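Note that numbering that gives the first Met the number 0 has the sequence shown beginning at 0, numbered continuously upward. Note that beta-carbon positions come from the ideal geometry of N, C-alpha and C, so glycine has one too. These figures come from a predicted structure and were not determined experimentally. Working notes for the structure below.
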Amino acid sequence: MAKFLPTLTTIPRMTTGERRVAQRLDSLLEDDYIVWYDIPLGQKRRYPDFIVLHPARGLLFLEVKDWKIETLRSITPDSVEIDTPQGRKTVSNPLAQARQCAFSAINQLQRDPQLTQRDERYRGKLCFPYGFGVVFPNITRLQWNNAIAEADQELVLPSHLVICKDEMAPSTDPEAFQERLWNMFNYQFGEKLSLPQLDRIRWQLFPEVRIDAPTGDLFADEESSETPSTEVVPDIVRVMDLHQEQLARSMGDGHRVIHGVAGSGKTLILGYRCLHLAQATTKPILVLCFNITLAARLRCFIAEKGIADKVQVHHFHEWCGLQLKTYHVSLLPGNRPAYERQVESVMDAVDREQIPRAQYAAVMIDEGHDFEREWLKLVVQMIDPDTNSLLLLYDDAQSIYRKGSLSFPLSAAGVQARGRTTILKLNYRNTREILTFAYDFARDFLEAHDTDEDHVPLIAPEVAGVSGPPPAFRDFDSDQQESRYLVHCIKAWQQQGSTLNSMAVVYTNNAQGLHFHKAFQKAGIPSRCLQNAADKRAYNPDANEVVLLSRQSSKGLEFDTVLLSGLGALSNDETQQAQEARLLYVGMTRARRRLLVTSSQENWYTKRLKELATAG
Numbered sequence: 000m001a002k003f004l005p006t007l008t009t010i011p012r013m014t015t016g017e018r019r020v021a022q023r024l025d026s027l028l029e030d031d032y033i034v035w036y037d038i039p040l041g042q043k044r045r046y047p048d049f050i051v052l053h054p055a056r057g058l059l060f061l062e063v064k065d066w067k068i069e070t071l072r073s074i075t076p077d078s079v080e081i082d083t084p085q086g087r088k089t090v091s092n093p094l095a096q097a098r099q100c101a102f103s104a105i106n107q108l109q110r111d112p113q114l115t116q117r118d119e120r121y122r123g124k125l126c127f128p129y130g131f132g133v134v135f136p137n138i139t140r141l142q143w144n145n146a147i148a149e150a151d152q153e154l155v156l157p158s159h160l161v162i163c164k165d166e167m168a169p170s171t172d173p174e175a176f177q178e179r180l181w182n183m184f185n186y187q188f189g190e191k192l193s194l195p196q197l198d199r200i201r202w203q204l205f206p207e208v209r210i211d212a213p214t215g216d217l218f219a220d221e222e223s224s225e226t227p228s229t230e231v232v233p234d235i236v237r238v239m240d241l242h243q244e245q246l247a248r249s250m251g252d253g254h255r256v257i258h259g260v261a262g263s264g265k266t267l268i269l270g271y272r273c274l275h276l277a278q279a280t281t282k283p284i285l286v287l288c289f290n291i292t293l294a295a296r297l298r299c300f301i302a303e304k305g306i307a308d309k310v311q312v313h314h315f316h317e318w319c320g321l322q323l324k325t326y327h328v329s330l331l332p333g334n335r336p337a338y339e340r341q342v343e344s345v346m347d348a349v350d351r352e353q354i355p356r357a358q359y360a361a362v363m364i365d366e367g368h369d370f371e372r373e374w375l376k377l378v379v380q381m382i383d384p385d386t387n388s389l390l391l392l393y394d395d396a397q398s399i400y401r402k403g404s405l406s407f408p409l410s411a412a413g414v415q416a417r418g419r420t421t422i423l424k425l426n427y428r429n430t431r432e433i434l435t436f437a438y439d440f441a442r443d444f445l446e447a448h449d450t451d452e453d454h455v456p457l458i459a460p461e462v463a464g465v466s467g468p469p470p471a472f473r474d475f476d477s478d479q480q481e482s483r484y485l486v487h488c489i490k491a492w493q494q495q496g497s498t499l500n501s502m503a504v505v506y507t508n509n510a511q512g513l514h515f516h517k518a519f520q521k522a523g524i525p526s527r528c529l530q531n532a533a534d535k536r537a538y539n540p541d542a543n544e545v546v547l548l549s550r551q552s553s554k555g556l557e558f559d560t561v562l563l564s565g566l567g568a569l570s571n572d573e574t575q576q577a578q579e580a581r582l583l584y585v586g587m588t589r590a591r592r593r594l595l596v597t598s599s600q601e602n603w604y605t606k607r608l609k610e611l612a613t614a615g
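Okay, structure coming up:
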């Protein structure tokens, strides 16, 4: 069966003919085919009915028409005159529609040198076949031939570019059906597309699945998009995994909960969801998290998507403060910390209707495992009931602000999660070596367990298969030796081509962070230590400097290289082991490719990590 995006069962609106075509594509194509239905293409946002991609066959664009032979009145190369319940209409020739979508996509793809031919005779042309055609699910081949002479067909809709009702019946032979599809190509090549090339095609056609790259202005009008794009295609592109893309495109309305391990792409799905909803709503979209630094990163992430004017990003307590300020609500008196009274003040004002409900078309919550029940209950009230769109992202293994899993069912917080939950077990961020190292260290404190849809499970991660250098552990006799080694490594990696903003030092206490920061300054290494709220809010992941941050502040972030340092400062207090192990697990799983763990004193944690590094 072909891989469908979105999944067929989640598509609410299809014509009868389109659904029949989708069912045939799904059942008569093998699992190495990818099929997209009604997905806007590129910057011009054209909507072909179906796009079919196969590594050996190439790229095919299909336009489906539910017309019946008796409704057709005339046809030219450019237009068709048909009878409808609203009267006679003139519409575009469906082949012209398919051709326009195809050529728009081909022009975009030909800008990528890695998707074009190397032979001088065909330089600049695509290195894989492409085609386009029309499907008539309600017209048989005999009806078509009787209605339009063969010579006329070649002028308006050549027979090899048309699939008719009797050629896509449930009993149709898969090979015969596929032969019909590939007859729509004018040529065939011998070589298959590689996996990186397939990713590059998706990167070009669907900007919304790009990782770490601007999507461009997806809301630009057609006229302003007619000029050729000057966007430079990078040598290496990163896109969402097909499973992530399928999940993101298949997400329906209502409340949705995703339980995902670290590095499973939860934030990417959040970004796609924001893009999708931003096109269809006039009310703002709210993205919340607990971590100040993560909020700053998400803000940049949303800005890269070009939707900062439609999506508001805040950490939870910042949002509470803004609500109080906007609606002129006084802080409730009391001796408890101001941040606690902020939350209670907002709840009280909402109950008194001083702060309005239903302010947002949608609410997205990243790192939802750090939210209290009353917080979730408050935020759910902020969703417009007409849209009722909530996305809650969760990983119980990263729950570091509480001693255990959520002690309450999600329904108690107003989250309607039953039948709308998804579990992501594959880790795409970390290499096999890093994930194994981190999980082996913390596994005694991260025992996986299942639960029902109304509670939050703890999920054991599974690696997606990428390999890299093994994590390294280094111990030293003093803090000074440790900091000198960090300076040495950063300078060496920089000379090898790594950018400073691809590296992060994750420390265990603030004093160490300042110590390492001063060592970097002395060595002339641009760096920023994120310790106060202002610095965390101002964090810019694009600034070319090494960032130093605590394990708590690193949650939700990722870097090519992580230096998890200062572990010697951890105590051997057994009552704190579970919490410290989770924090160290969070720190280690921030690393995409390279992980260095350092210490200047010995304790239970350093002994365990040293054993694992030596065994690896």
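Taking C-beta to C-beta, are residue i and residue j nearer than 7 Å?
| i | j | result |
| --- | --- | --- |
| methionine 239 | valine 286 | no |
| tyrosine 393 | isoleucine 354 | no |
| valine 505 | leucine 595 | no |
| leucine 377 | arginine 255 | no |
| leucine 52 | tyrosine 129 | no |
| lysine 282 | aspartate 383 | yes |
| leucine 485 | asparagine 543 | no |
| arginine 589 | serine 553 | yes |
| isoleucine 81 | leucine 71 | yes |
| glycine 555 | arginine 428 | no |
| glutamate 461 | lysine 424 | yes |
| lysine 2 | isoleucine 33 | yes |
| glycine 251 | threonine 6 | no |
Measuring straight from C-alpha to C-alpha, what distance separates residue i and residue j?
| i | j | result |
| --- | --- | --- |
| leucine 323 | proline 332 | 14 Å |
| phenylalanine 218 | phenylalanine 102 | Any reading at phenylalanine 218 is ruled out, since the residue's pLDDT is 39, under 50, leaving its predicted position unreliable. |
| valine 349 | serine 410 | 20 Å |
| isoleucine 284 | alanine 247 | 17 Å |
| arginine 18 | alanine 503 | 49 Å |
| threonine 226 | glutamine 520 | Any answer about threonine 226 is weak, because its pLDDT of 44 lies below 50 and its placement is not dependable; what the coordinates show is given next. Looking at the two C-alpha atoms, the distance is approximately 46 Å. |
| leucine 108 | glutamate 573 | 58 Å |
| alanine 459 | arginine 237 | 25 Å |
| tryptophan 35 | arginine 56 | 16 Å |
| isoleucine 301 | asparagine 106 | 28 Å |
| alanine 360 | alanine 279 | 10 Å |
| tyrosine 604 | glycine 586 | 14 Å |
| serine 224 | glycine 123 | Note that serine 224 scores 41 on pLDDT, short of 50, meaning its location in the model is unreliable and no value can be drawn from it. |
| cysteine 126 | isoleucine 38 | 24 Å |
| asparagine 334 | glutamine 480 | 45 Å |
| glutamate 221 | leucine 241 | The pLDDT assigned to glutamate 221 is 38, lower than 50, so where the model puts this residue is not dependable, and the model offers no usable value. |
| glutamate 343 | glutamate 317 | 14 Å |
| isoleucine 399 | glutamine 187 | At isoleucine 399, the pLDDT of 49 sits below 50, so the modelled position is not reliable; the number obtained from the coordinates is stated separately. Rounded to whole angstroms, isoleucine 399 to glutamine 187 spans 55 Å at the Cα level. |
| leucine 28 | asparagine 185 | 21 Å |
| serine 404 | glutamate 373 | Any reading at serine 404 must be qualified, since the residue scores a pLDDT of 49, below 50, and its modelled position is unreliable; no value is offered. |
Between which two residues does the beta strand (DSSP E) containing residue i stretch?
| i | result |
| --- | --- |
| histidine 242 | No beta strand (DSSP E) contains histidine 242, which is instead part of the alpha helix (DSSP H) from 241–249. |
| lysine 2 | 2–4 |
| threonine 420 | 420–423 |
| glycine 616 | As displayed, the chain neither begins before 0 nor continues past 615, which places residue 616 out of reach and without an answer. |
| arginine 255 | 254–259 |
| tryptophan 35 | 33–36 |
| glycine 132 | 129–135 |
| serine 477 | First-last for serine 477: undefined, no H or E at that position. |
Which partner residues of residue i appear in the DSSP bridge assignment?
| i | result |
| --- | --- |
| isoleucine 147 | Looking at the DSSP assignment, isoleucine 147 forms no beta bridge with any residue, so it has no partner. |
| aspartate 48 | None, per the DSSP bridge assignment. |
| valine 362 | Leu285 and Leu389 |
| cysteine 528 | Leu547 |
| arginine 209 | Val238 |
| histidine 53 | Gly57 |
| leucine 569 | DSSP lists no partner for leucine 569. |
| leucine 563 | Val505 and Val596 |
| asparagine 426 | Val462 |
| valine 63 | Val134 |
Strictly under 7 Å for the Cβ-Cβ distance: is residue i near chain B by that measure?
| i | result |
| --- | --- |
| leucine 562 | Given the protein chain composition of this structure (a single chain), no chain B is represented. |
So the alpha helix (DSSP H) residue i belongs to, where does it begin and stop?
| i | result |
| --- | --- |
| histidine 275 | 265–277 |
| histidine 314 | Looking at the DSSP string, histidine 314 is not in any alpha helix (DSSP H); the run it does join, the beta strand (DSSP E), is 310–314. |
| phenylalanine 440 | 431–441 |
| serine 26 | 15–27 |
| glutamate 339 | 337–350 |
Taking residue i and residue j to be in contact with their CB atoms under 8 Å, please state how far apart those CB atoms are, rounded to whole angstroms.
| i | j | result |
| --- | --- | --- |
| isoleucine 138 | lysine 67 | 7 Å |
| isoleucine 291 | lysine 535 | 4 Å |
Please indicate yes or no: does the CB of residue i lie closer than 6 Å to some heavy atom of the ligand FMN?
| i | result |
| --- | --- |
| glutamate 207 | In the structure on display, the ligand FMN does not appear, and there are no ligands present to speak of. |
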